[in-house]
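Residues 1 to 213 (UniProt numbering) make up the sequence shown, in order.
One structure is given here, and the rest of the page talks about it.
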Amino acid sequence: MILITGAKGFIGSFLLFFLGKRGHDVKGIDEEILDIKKLRPHFKDAEFVVHLAAKLSPEQTEKRPHDFFQVNVAGTMNVVNLCIEYGCKLINTSSITTNTEYGISKVLSEEMVRLYVKHQGLRAVTIRPCIIYDENGGSRYPYISKHYPLGKLVEDIENIIIHDNFRKYKVYTVGGLGQKIYFEEIDLLKKKIKLKFHLIKEKAKKIIKDYKG
Numbered sequence: 001m002i003l004i005t006g007a008k009g010f011i012g013s014f015l016l017f018f019l020g021k022r023g024h025d026v027k028g029i030d031e032e033i034l035d036i037k038k039l040r041p042h043f044k045d046a047e048f049v050v051h052l053a054a055k056l057s058p059e060q061t062e063k064r065p066h067d068f069f070q071v072n073v074a075g076t077m078n079v080v081n082l083c084i085e086y087g088c089k090l091i092n093t094s095s096i097t098t099n100t101e102y103g104i105s106k107v108l109s110e111e112m113v114r115l116y117v118k119h120q121g122l123r124a125v126t127i128r129p130c131i132i133y134d135e136n137g138g139s140r141y142p143y144i145s146k147h148y149p150l151g152k153l154v155e156d157i158e159n160i161i162i163h164d165n166f167r168k169y170k171v172y173t174v175g176g177l178g179q180k181i182y183f184e185e186i187d188l189l190k191k192k193i194k195l196k197f198h199l200i201k202e203k204a205k206k207i208i209k210d211y212k213g
């Protein structure tokens, strides 16, 4: 069985639907990951755990930055310990950004997973999902992501479940080409390799213009 934490989130809900449609035995939970007693029953029959539960909101960071480290580090430790206890293979989710409270907390959790693999026998990999940003950074991610399919990301996760033997710790960048795409870089690339990016660029500009109103 594949267990997904944070299954009510944007990626989690789509992954739950996708894996179910593909015939996998999958279960989604949205429990408070700081409460290990509530988590424990869900891990007993799990072979794989896709850990997506996390504190995300930038607004919450400013008011309660401590919560980021509680949920994203201490909460992940609960998931890790249960995976060791029940022999589950863990797909941990980290971040491609490291200059925010969220990014720092995910890097810390990623390093913790690495240490548990090395010293405690945890079988795990880490994924770093790529995100499409506009020129102003990540604040518009929830809007922008609605205009791009999550198919590549969830297919990458499924491929890891099917093909990785979890005998060696790995870090995968999944779901896209990179963390940030600036239109100036697209223009430079177009000149160098002579591909026609005009329609892609104009569509992306239109999405951002519509959002900004």
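Glycine residues also receive a C-beta, built at the ideal position from the N, C-alpha and C atoms.
Per DSSP, what kind of secondary structure is residue i in: helix, strand or coil?
i      : result
Phe48  : strand
Gly178 : Summary for Gly178: the model assigns pLDDT 40, below 50, so the residue's position carries little reliability; its value from the coordinates is reported in the next sentence. Residue state, collapsed to three classes: coil.
Asn165 : coil
Thr100 : coil
Leu56  : coil
Leu153 : helix
Got a sec, what are the start and stop residues for the beta strand (DSSP E) residue i sits in?
i      : result
Leu16  : Careful: Leu16 lies outside any beta strand (DSSP E), inside the alpha helix (DSSP H) at Phe10 to Lys21.
Val125 : Arg123 to Pro129
Val26  : Val26 to Ile29
Ile91  : Lys89 to Thr93
Leu3   : Ile2 to Thr5
Between the Cα of residue i and the Cα atoms of the options, which residue gives the shortest distance?
i      : options                          : result
Ala53  : Ala7, Glu110 and Phe166          : Ala7
Ser94  : Phe14, Gly175, Ala46 and Asp35   : Gly175
Ala74  : Glu110, Asn165 and Val125        : Glu110
Arg114 : Phe69, Pro129, Tyr169 and Ile157 : Tyr169
Gly9   : Lys37, Asp30, Ile127 and Asp45   : Asp30
Since I believe residue j is in contact with residue i (beta carbons under 8 Å), could you give me their beta-carbon distance rounded to a whole number of angstroms?
i     : j     : result
Glu82 : Phe43 : Reading the sequence as shown, one finds Leu at residue 82 and not Glu. Leu82 to Phe43, Cβ: 4 Å. Contact.
Asn92 : His51 : 5 Å
What residue does the alpha helix (DSSP H) around residue i start on, and which one ends it?
i     : result
Leu82 : Thr76 to Tyr86
Leu39 : Ile36 to Phe43
Is the stretch 155–163 in contact with the stretch 10–22, if contact means three or more CB pairs nearer than 8 Å? yes
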